[in-house]
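One structure is given below, encoded as structure tokens.
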Amino acid sequence: MPLACLSMTDEAFVCQSFCGPGATGNIHQIEAGVSLRRNCPTDIPLVQLSITKQGYRVDFWQNGRPVRRCGSGTIALAAYLYHRRTDGDFFHTRVHTHTGTIELGYDPLGPYYVDRALPQLPLRQPRLWSHLGNLRIIHGAYAGGRGEYCIALCQNRQELIAAKPRLHQFALYTGRALIAACKAGDSTHMRYFAPQYGQQEDAATGSASVQLAEFIYRLAGQTHLDIQQLSSQGGRIQCRRISPAMIKVRGQYRICSQ
Numbered sequence: 075m076p077l078a079c080l081s082m083t084d085e086a087f088v089c090q091s092f093c094g095p096g097a098t099g100n101i102h103q104i105e106a107g108v109s110l111r112r113n114c115p116t117d118i119p120l121v122q123l124s125i126t127k128q129g130y131r132v133d134f135w136q137n138g139r140p141v142r143r144c145g146s147g148t149i150a151l152a153a154y155l156y157h158r159r160t161d162g163d164f165f166h167t168r169v170h171t172h173t174g175t176i177e178l179g180y181d182p183l184g185p186y187y188v189d190r191a192l193p194q195l196p197l198r199q200p201r202l203w204s205h206l207g208n209l210r211i212i213h214g215a216y217a218g219g220r221g222e223y224c225i226a227l228c229q230n231r232q233e234l235i236a237a238k239p240r241l242h243q244f245a246l247y248t249g250r251a252l253i254a255a256c257k258a259g260d261s262t263h264m265r266y267f268a269p270q271y272g273q274q275e276d277a278a279t280g281s282a283s284v285q286l287a288e289f290i291y292r293l294a295g296q297t298h299l300d301i302q303q304l305s306s307q308g309g310r311i312q313c314r315r316i317s318p319a320m321i322k323v324r325g326q327y328r329i330c331s332q
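For the working numbering, count along the sequence shown from 1 and bump the result up by 74.
Take a look at the structure:
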């Protein structure tokens, strides 16, 4: 997943999670008090953390515009909050976002967050979505509203890799992002396209994985999901359905010196 920039009032961090072979990531400390716009390239997800009377507040940006969710930023935030603790204790807390409250924390297995999957409805007009996605869809669903997701399950990995969505038509027709996936042994492979945000193929995985995990549960009753993101910067994500529509997401990271 692309770099995510995490900022507080007197601290700024650049972090990377869910990326590259083995899904390792980085967190780099940068100059305190820096201007976010000056130091963060526009193609890097930006995560701003504020402390309010109601608790932590988080806002996300992508390509210089506000976005509703950022899975890599949320994992990075969980890791950041853990590593800035002086007692080194594991923790679980809540943060407020534009789309509601997200629970996150750090335990012996590392950083995680818990998010609620969006309501899902059967995929209408599957032939149209097959045309737009340029792949043969065997199962599908809508997740959320018009600006959210379309989930398309194809037959196998070969079809998923070969898929070349008609992104120009896709962006004109719908404001939804496309989550294309297939089962591959014990894991689930995924590609993610969000042409409405100017991305041909996006490495974003965290929030999309929440929707995919709920979809697979409804389809096959599977509560644990190991997801391999097939974009050039993709990695592995683990999802577990812990209660109705509630998904725990885990990603990997590492701390690096600047």
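All C-beta atoms in this analysis are idealised placements derived from N, C-alpha and C, irrespective of residue type, glycine included.
- Beta-bridge partners assigned by DSSP to LYS238: none are found.
- Per DSSP, the unbroken alpha helix (DSSP H) holding GLY147 starts and ends at 145-157.
- Under the rule that a run must span 3 or more residues, the beta strand (DSSP E) segments found entirely inside the stretch 240-294 read 251-258 and 261-267.
- For ALA319 against ALA191, the beta-carbon gap comes to about 5 Å, under 8 Å, which counts as contact.
- When DSSP reads this structure, PRO193 sits in no beta bridge, so it has no partner.
- Here LEU195 is not near ALA226, since their CB atoms are 8 Å or more apart.
- Collapsing the DSSP output to three states places GLU233 in a helix.
- Within the same chain, ASN230, ARG231 and GLN302 come within 8 Å of ALA258 by CB-CB distance, once the 5 residues on both sides are set aside.
- Of the candidates TYR187, GLN122, PRO269 and LEU183, GLN122 places its Cα closest to the Cα of VAL132.
- Beta-bridge partners of ILE125 (DSSP): TYR130.
- Straight across, the Cα-Cα distance linking ILE253 with GLN199 is about 16 Å.
- The Cβ atoms of PHE164 and GLY174 lie no closer than 8 Å to each other.
- A check of alpha carbon separations from CYS224 across SER281, VAL188 and TYR187 identifies SER281 as the nearest.
- Judged by pairs of C-beta atoms under 8 Å, the stretch 202-209 touches the stretch 233-241, as three or more such pairs exist.
- Inclusion of GLY221 and ARG250 in the CB contact set at 8 Å is warranted, their separation being smaller than that value.
- Around the C-beta of THR148, 16 or more other C-beta atoms lie within 10 Å, and the residue is accordingly described as buried.
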